[in-house]
Amino acid sequence: MPQQQSSEQQEHLELSAFKGKFDVTEFIGSISEKLIAESKADNGPFDPKPFIRSFEAAVDKLIAVRKDVQAKTEQMEKSVRVAEREYSKKMVELNKGFEAVSDSFAGMESRMNDVSSTAIRIGDQLETVHIERQRAQAAYDLIDFYNQFSKGDTTRLDALRKEGRAGRRQVAVILRRLNTVAKEVDLPNSDKTREAIEKYCEKFEKEMLNLFDRCYRKGDPKMMHHCAQTLLEFNGGASCIQVYVNQHDFFINNVREAPTPVDNVLWKSIADPDTTPPKSEIGLTELFAEIRATVDTEAQIVKAVFPNPPVVMQVFLQRVFAQSIQQHMEQLLHRGSEISDLAYLRVLQLVHFQTSALVEDLKAHELPQTSSRTPYEATEFRRSLSGAAPATSAPASAAVSTMLETAMEELFVPYTEGQRYMERETKSLATLYSNLLVNFARYHKAQKGKASMFDRMVNQISAATVATANGGNTTSAQAAAALMRFGVISSDRNTDKLSEEPIREEDGMPCVDVVERMLKWHAEAIGRCVELSPTNDVPKNTSTLLRVLAEAIGTSYIDTAIETALSRIDVNDTKSEPNLHPLAIVRAVDLICHLWQQYVTVALLPLASSSVTIRRDMVVFNNQTVSRMETGANALLQRITEAIINWLSAQLTKQKRNDFKPRNDDLSFARVNTEPCILCCESLEKIRDAAKQNLSGKNLEVFLTEIGVAFHSLLLEHLRKFPVNATGGLMLAKDLKSYQDTISTFGIPALHERYELLRQLGNVFLVRPEILKSYITENYLGRIDPSLLKPYLSLRSDWGQFEKGFDSESVPDGTSSGQGLKDRFGRLSVMMKELESLKMDGISMGIPAIPTSLTGTFSRSFGNSASST
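If you're matching positions, the sequence shown starts at 983 in our numbering and goes up one per residue.
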C-alpha cells in the first residue's frame, strides 16, 4: 500500500491545480521535491522506494480525478444536448412569428403604394385645376384692369398701391403684364388705353425711384431693398441700378475741378532711361486706394439692398473703369507722350501694373447670385403670360471677375491693339540708341575720308550761305538758294555745324559699358513687352525687339567701329609705326559678343519657347549676327597683322650693307646691336604689350604666333642679303640673340624652337672653318640638307677659301664615310621640302608648320556658344 500522501502533494493532485497552463516537468518536480531533499540529506545509498511509493499514490489519485472529470463531462454534455433541443424549438417558433409579421408589412406596403399612386394622381389633377383656376383668375384680373384703364379708372390700382410693400410689388407685376398685353391687343381705342397704361407705368416707376432715392439718403436699407425688388419685378430694375450708381458719392466727388496732384519726382526722372521704371504715381495710387475702400463698403450695401448684387456690382465697376480710371489714365499718358516715347511707355506699364493689382484685389468681392422671383411670379401661367422672365443676370459664380478682366482689357486695347504698342516700343529704343551713339556716329562719319566732289560743292555753297547771311557774294547766295529748294542743303545747316561739339578720339571707341546700358534698356523694353503683349504675341514681339537690338549693337556700333578701323589702317604705309589702338576694338568686340550671347540665351530665347518656328528663326538670326561681328573682328586683326609685318620688314630694310662686315674699329665693338635690331625689338615689345593688354586666350596665342612666324620668315630672308666677317658674326649673333629674347617674352612655346634654330644658324658665321662641317651636322642644323644652308654659308667672308673642299667633302663619291654623311643629310622632313619650294618665304626650317591665317580665330574663341544655342 502506498504511504499516505503529504498535504503539499495533495494540493498538487487537486483538480484546481490542472486548470490553466500545465507543465509535466514542473508537476513531477513539485511532488518529489521533498523526497529529493531527504535523499540528499541521507548519506547512505540512494533508495528509490520512497519515490516509487509516492508516484504510485499520485497515479492512483490522478486516475480517480480523471474518473470524476469524465463523469462530470458526460453529465454536462447531456445538459447541453437538452438545451440545444429547447433552443431549436424556440427558434422555429420565432421564425414563424417573424414570417407572419413580414407578410403583414408586405400587404400594408402594397396597400400604401396603391393609396400613394391614387394621391399623386389626385394631386396632379388638383395642381392642374389650381393652375387653370389661377390662369382664369389672372386673366380675369388682367382683363378687368385693362377695361378700367380703357375707361380711365385707376381706383383699384391706386388702392392696391397704397396697401404697403406687398401691394406695391403686386402693382409692379400687374403693370408689367398690362404693358405687355397692351402692346399685343388690337381693339378700338387700344392706342388710348396703351398710352394710359404707359403713363401710369412711368408714374409708378418715378414714384418708386423717388422712394428709393429718399431711402438712400436716409440710409434705410430695408426700404431700398423693397424698392429694388419691386422695380426688378416691374422692369428688371435697370433704372434703379442707374439711379444708385449715378448718385453715388464716389462719382460725384471724383468730378474734380481742382487739378490732380502732380508727382514731380516721377516726371523729372521718367524720361531718363538709366533710372528704374516707376511703379506708382501719386494721383493713381490715391485713386486706386479710394476705389478699394469704396468697393469694400459698397459690396456690403449692394448685397443687403439689391436682389441681384452681381449685376449692380458689374454696373458700378464698369462705371469706375470707364470714367474714373480711364480719365486719369488718359491724363497720365498724354503728359508722358509730351515728354518722350519712353515716358509714355513707362506710364503705360505703370498703369497696367497698378490696374492688374487693383483687379486682383477687386475679384475678392465676388457676390453670389440670388433668386429674383417671388412665389407669385413663379407660376407657369405668369411666366407664359409675360413671356421671358424679368431681365436678370445669368447666374455665374465669377460674373464680377469676368467683367473686371474684360474691363481691364478694354481699357488698354486702344493703346496695344495691332502694332501700336510695338511701333512705339521700337521707336523708343531706336531713339534711345541713336541719342546714345550720336557722338560715336559723328566721330565715324568724320573718319570716312575725303568727301566727294559733290559733297565738297555742297559744303562750299553751304559756307557761301553763311557768308551771304553776313553780306557775302550774291551769286553764291543764288546757288545756295537753288540747292535749298531741291532739298540738298538745309537753311539751318550752318547752325547745326556751329552747335556741334568737338570730336574726341574716345567717342569712336566701342565700349562694354555702353553696350551694357543698351542691354539694360532693351531688357526693360522686353519686360514691358511681356506685360503688355498678349501671351500669343510675346515670341513675335521678342523677335522684333531682338532685331532692333542687333541693328543698334551689331550694325550701328560694332560694324561701324570695325569699318572705320579698317579704313584707317594703311598696310602699305611703312613711314609711320602701325597704330595698335585697333586692338582695343578687337578686345571690346570680344567682350561685347560674350555679353550679347549670354543676354540672348538667358533672357530672350526662353520667351520664344512657345513658338518653335519663331525660336528657330531667332537662333538663326542670332548666329548670323554673332558671325558677322566675329568676321569683322577677324578682318581687323588680319589687317593689323599685315601692317605690323610690313612695318617690321621696312625696319629690316634699314640694315646697312656693311653692318655685319665692319672694320676692326672701336666703334664697331662698342655697339651692342644694330639699328634695325633695336627698332624691331622695340616694336615687338610694343606689339607684345598691346596684344596682352587687349587679347586673351586663343586670340592672343594665334595673334602672337602669327607675328612670330612671319617675322621669323623675314629674318631668314634678311640673313641671305648681307656678307658677314668674323667681327660681323659677333654683331649678327647679338642681333639674333636679341630677337630670340624678345620673342621668348611672347610666351608661345611653338616659337622657341624656331628662334633657337635661327640663333644657331647665325653661329655658322662664328665657328672656325675646320669645325664648320661638324657644327652643321649637329643639333637643329643637323636636320637640314646642307644645300639649303649653302646660301647662308656663302655669306662668310672666308667662304671662298674652303668652298671647294667643303662641297667635295659634303658630297663624297662612293666612300663609306661619304655615304654615311649623304644618308645623314638625305633625311629631309616634309617641312624642308616646303621650305625649298617656297624659297624660305615665311616657313621655318625643321619646325612643324603653324597656320599663319587668322581667319576663324574668333569663331573658335566664342563662336561655340552661338552654335550651341
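Even glycine gets a Cβ: it sits at the ideal position worked out from N, Cα and C.
Report the option in the options whose CA atom is closest to the CA atom of residue i.
i       : options                            : result
Asp1717 : Cys1659, Tyr1774, Val1602          : Cys1659
Gln1309 : Val1333, Tyr1737, Gln1296, Pro1289 : Val1333
Tyr1415 : Asp1256, Val1293, Val1520, Met1295 : Asp1256
Ala1732 : Phe1270, Val1691, His1316          : Val1691
Leu1548 : Val1496, Glu1506, Thr1526, His1426 : His1426
Glu1688 : Val1247, Ile1627, Asp1641          : Ile1627
Asn1228 : Gly1218, Arg1117, Pro1259, Gln1305 : Gln1305
His1208 : Trp1249, Pro1289, Gln1296, Arg1176 : Pro1289
Asn1640 : Ala1708, Asn1421, Glu1498, Val1341 : Ala1708
Glu1337 : Gly1318, Ile1307, His1316          : Strictly speaking, residue 1337 in this sequence is Thr, with Glu absent from that position. Nearest C-alpha to Thr1337: Ile1307.
Glu1263 : Glu1612, Lys1031, Val1244          : Val1244
Val1277 : Glu1399, His1347, Pro1203, Asn1604 : His1347
Asn1616 : Pro1644, Lys1557, Leu1677, Leu1666 : Leu1677
Ala1423 : Leu1344, Thr1537, Met1205          : Thr1537
Glu1184 : Leu1527, Tyr1539, Ser1665, Leu1213 : Leu1213
Phe1685 : Glu1624, Leu1712, Ser1098          : Glu1624
Lys1502 : Leu1531, Glu1487, Asn1523, Val1512 : Leu1531
Quick one: using the 10 Å Cβ neighbour count with 16 as the cut-off for buried, is residue i buried or exposed?
i       : result
Ser1036 : buried
Leu997  : exposed
Pro1773 : exposed
Val1329 : buried
Phe1004 : exposed
Leu1044 : exposed
Met1090 : exposed
Asp1823 : Caution is warranted here: a pLDDT of 37 is assigned to Asp1823, below 50, making its placement in the model unreliable, and the coordinate value is therefore given only provisionally. With fewer than 16 Cβ atoms within 10 Å of its Cβ, Asp1823 is classed as exposed.
Phe1854 : A question about residue 1854 goes unanswered here, because the residues of the chain that appear run from 983 up to 1851.
Leu1514 : buried
Thr1175 : buried
Within this structure, are the beta carbons of residue i and residue j separated by less than 8 Å?
i       : j       : result
Leu1587 : Val1601 : yes
Val1494 : Leu1577 : yes
Leu1562 : Lys1668 : yes
Leu1324 : Ser1251 : no
Leu1157 : Phe1194 : no
Leu1634 : Cys1663 : no
Ala1590 : Pro1521 : yes
Ser1322 : Ala1412 : no
Gly1614 : Asp1552 : no
Val1294 : Ile1223 : yes
Val1297 : Ile1273 : no
Gln1331 : Arg1510 : yes
Asp1489 : Asn1421 : yes
Glu1506 : Pro1291 : no
Arg1736 : His1694 : yes
Ala1566 : Met1500 : no
Arg1670 : Phe1728 : yes
Ile1485 : Ala1585 : no
Thr1556 : Ala1632 : yes
Ser1525 : Asp1599 : yes
Val1155 : Leu1142 : no
Glu1215 : Arg1151 : yes
Only counting the same chain, and skipping five residues up and downstream in sequence, which positions put a Cβ closer than 7 Å to that of residue i?
i       : result
Phe1028 : Ser1021
Leu1697 : Tyr1721, Leu1740
Leu1714 : Phe1642, Val1706, Gly1744, Phe1747
Phe1000 : none
His1270 : According to the sequence displayed, residue 1270 carries Phe and not His. The answer, listed in chain order, is Gln1336, Leu1340.
Asp1086 : Per the sequence presented here, residue 1086 reads as Ser, with Asp not at that position. Hits under 7 Å: none found.
Glu1657 : Lys1636
Using 8 Å as the limit for Cβ to Cβ distance, is residue i near chain C?
i       : result
Ala1253 : Of the protein chains in this structure there is only one, and it is not chain C.
DSSP puts residue i in a beta bridge; with which residues?
i       : result
Arg1035 : Looking at the DSSP assignment, Arg1035 forms no beta bridge with any residue, so it has no partner.
Arg1778 : Val1706
With a CB to CB cut of under 8 Å and the five nearest residues on each side skipped, what residues in its chain are close to residue i?
i       : result
Lys1200 : none
Short of 6 Å in beta carbon distance, which residues of its chain neighbour residue i, apart from the five on each side in sequence? Order them along the chain.
i       : result
Pro1203 : Ala1286, Val1287
Val1582 : Asn1604
Tyr1757 : Val1749
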